Amino acid sequence: MNKKLGVFVAAGLLSIVSTSAMAQFAKADDAVEYREAAMTLMSSHFGRMGPVVKKEIPYNKEQIKENVALLNRLAALPWAAYAPGTEGGRAKPEVWSDAEGFKQAKVKYLDSLKPLTVAADAGDFDALRVAFGNTAKSCKACHDSYRAKKK
Ligand code: ASC
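Using our numbering, you'd call the opening residue of the sequence shown number 7 and step up by one each time.
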C-alpha cells in the first residue's frame, strides 16, 4: 500500500470506529442533548416526590406508584448516550477516564430504585421515605464525582 492510500484507509477506519462508538448518535452534541433531556425528566419525576416524602403534600399511593414506574423507564435511558466519543456538556472527563467508577455509580443508582419501587408498589410510606433518601444520595454522589459545576 502506498503512503497516501495508507493514510486514507487509516482515516476511514478511524471515522468508522469513532462513529460506531457513538452508537445511535450522529454527533457528540446529539448524545449530550439526549442524556441531558433524560436526566431532566428523571429529575422531574424524582423531584416531584420530594414534597410527598417531606410530608408537605399528601401521600397518594397510585400517583407515587405510577411516578416510580415511569422513573424506572427513564432510568434506563441516559447511559447509552455516554458512549466513547460523546464527551461534552457537564459530564466530567472522569466519566470516560474512570469508566468503571461511573458504571458502579450507575449500578448503585439503579439498585436504589429497587427498594423505592417495592415500597411504592406496596404503598409503604415509611419505606418509601427511606428509599427516596437513598436514591437521592446515589444521585448526589454520582453528580459530585462525574458532573461539572454549572458555569
Ligand atoms: C433531585 C435531582 C437530583 C437529586 C439530587 C439529590 O431531585 O434533580 O439531582 O434529587 O439533588 O441530592
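Glycine included, C-beta positions come from ideal geometry on N, C-alpha and C.
Being a predicted model, the structure only gives us computed values, none of them experimental.
- In the three-state reduction of the DSSP assignment, Ala89 falls in the coil class.
- Two segments are said to touch when three or more pairs of C-beta atoms, one from each, lie closer than 8 Å; by this definition the region 74-84 touches the region 117-134.
- In this structure, Lys98 has its CB at a distance of at least 7 Å from all heavy atoms of the ligand ASC.
- Taken from the Cβ of His51, every heavy atom of the ligand ASC lies 7 Å or farther away.
- When DSSP reads this structure, Ala97 sits in a beta bridge with Arg153.
- Between the ligand ASC and the CB of Lys146, the shortest heavy atom gap is smaller than 7 Å.
- Taking C-beta atoms under 8 Å as the contact rule, Pro90 and Met45 fail to qualify, at a distance of about 19 Å.
- Following the DSSP letters along the chain, one finds Ala34 inside the alpha helix (DSSP H) bounded by residues 34-53.
- Relative to the Cα of Gly94, the nearest Cα in the group Asp35, Lys155, Lys156 belongs to Asp35.
- Between the alpha carbons of Ala142 and Ser103 lies a distance of about 25 Å.
- Scanning Ala126, Val113, Asp127, Glu62 for the CA closest to the CA of Cys145 turns up Val113.
- Only residues of its own chain outside the window of five on either side were considered, and among them Lys71 have a CB closer than 7 Å to the CB of Asp127, listed in chain order.
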